[in-house]
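Chemist: Under the UniProt record's numbering, the residue at position 140 of the sequence shown is numbered 140, and the numbers go up by one with no gaps.
For each residue, glycine too, the CB sits at the ideal point set by N, CA and C.
None of the values given here were measured: they were computed from a predicted structure.
Once you've had a glance at the structure underneath, I'll fire off some questions.
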Amino acid sequence: MTAQVNRDVGPRVNANESTLASRLRDFVRMNPHIFLVSKVGEDPQEFLDEVYKIVNTMGVTSREEAELASYQLKDIAQVWFTQWKANRPVEAGLIEWEEFKGAFLSKYFPHEKRKYAPFLVSNSRDEMSRFVIGVSDLVKEECCIAMFHDDMNISRLVVYAQSIEEFKKRAPNQDSSSAPKVTQERGSGPPFAKPNCHNCGKKHHGKCLAGTTGCYG
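Following this line, the structure appears as structure tokens:
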């Protein structure tokens, strides 16, 4: 009789595994981005943004969001994730989305790169807006204004942000009228005007060479 009951019941399937497999199939059908590390032009932030758009519409938990996103890490990125996951404290529990996001960005998009990301080469206003969000408060206002110049693009905006930040750190009390200005792009000339140096009174970028044998280019 017991054998008959066992045959009728059949093999039991873990409900959680079945649900995750189903969600993984749904996730893959939406053709989410993959992240390889080795692919030229890959944008870590864009990868996270695009993957999150998909998992967010699926209505899954924070833990499932992290797990689904990890399936899209390939090659070197997958090796990193496996090692990072194995090195987490035992008591850390399952990985939530925010923890995954933080670890991923720390590895592939650290803070020093977020300020002046070299792969942001698009001329679109959206790219410039994303860049401005991440810059230092020292230069945020200037960058917000500069990005609306007709001939502004992300490359020029990055250079402008760097020059403004260097100027403010070098001469925090100097009149802002002496700060680098956005200029119209003509030919192959420099994209931004040279600031007045508070030390020697001349116009130049970078460290002041007054009193040395150096000269300005």
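Classify Gly10 as helix, strand or coil using the three-state DSSP reduction.
Modeler: Note that Gly10 has pLDDT 46, beneath the 50 cutoff, so the model's placement of it is unreliable and the number below is only indicative. It is coil, neither helix nor strand.
Chemist: Excluding sequence positions up to five away, which residues of its chain have a Cβ less than 6 Å from the Cβ of Ile34?
Modeler: Correct list, in chain order: Gln72 and Lys74.
Chemist: Tell me which residues share the same chain as Trp97 and place their Cβ nearer than 6 Å to its Cβ, disregarding the 5 neighbours each side in the sequence.
Modeler: Cβ within range, chain order: Ser62, Glu65 and Ala66.
Chemist: Measuring only from the beta carbon, is Glu46 closer than 7 Å to any heavy atom that is part of the ligand FMN?
Modeler: Of the ligands one can find in the structure shown there are none, so the ligand FMN has no counterpart to examine.
Chemist: May I ask you to report which of helix, strand or coil DSSP gives Phe131?
Modeler: It is helical.
Chemist: DSSP puts Phe167 in a beta bridge; with which residues?
Modeler: Answer is none; Phe167 lacks a bridge partner.
Chemist: Determine, using beta carbons only, whether Lys101 and Trp80 come nearer to each other than 8 Å.
Modeler: Going by C-beta atoms, Lys101 is not nearer than 8 Å to Trp80.
Chemist: Could you name the residues that DSSP lists as bridge partners for Leu100?
Modeler: The residue asked about is misnamed: residue 100 is Phe in this sequence, not Leu. For Phe100, which the question treats as bridged, DSSP gives no partner whatsoever.
Chemist: Would Leu20 and Ala77 be called neighbours here (beta carbons separated by less than 8 Å)?
Modeler: Cβ atoms of Leu20 and Ala77: not closer than 8 Å.
Chemist: Check whether the Cβ atoms of Ser129 and Glu165 lie closer than 8 Å to each other.
Modeler: Not closer than 8 Å, so no.
Chemist: State the Cα-Cα distance for the pair Glu42 and Val51, rounded to the nearest angstrom.
Modeler: Roughly 14 Å separates the two Cα atoms.
Chemist: Which residues does DSSP pair with Phe35 in a beta bridge?
Modeler: According to DSSP, which records beta bridges pairwise, Phe35 is partnered with Leu73.
Chemist: Between which two residues does the alpha helix (DSSP H) harbouring Ile145 extend?
Modeler: Lys140 to Ala146 is the span of the alpha helix (DSSP H), which, as asked, contains Ile145.
Chemist: Which one of Ser70, Arg23, Ser38 and Lys39 has the shortest CA to CA distance from Thr57?
Modeler: It is Arg23 whose Cα lies nearest to the Cα of Thr57.
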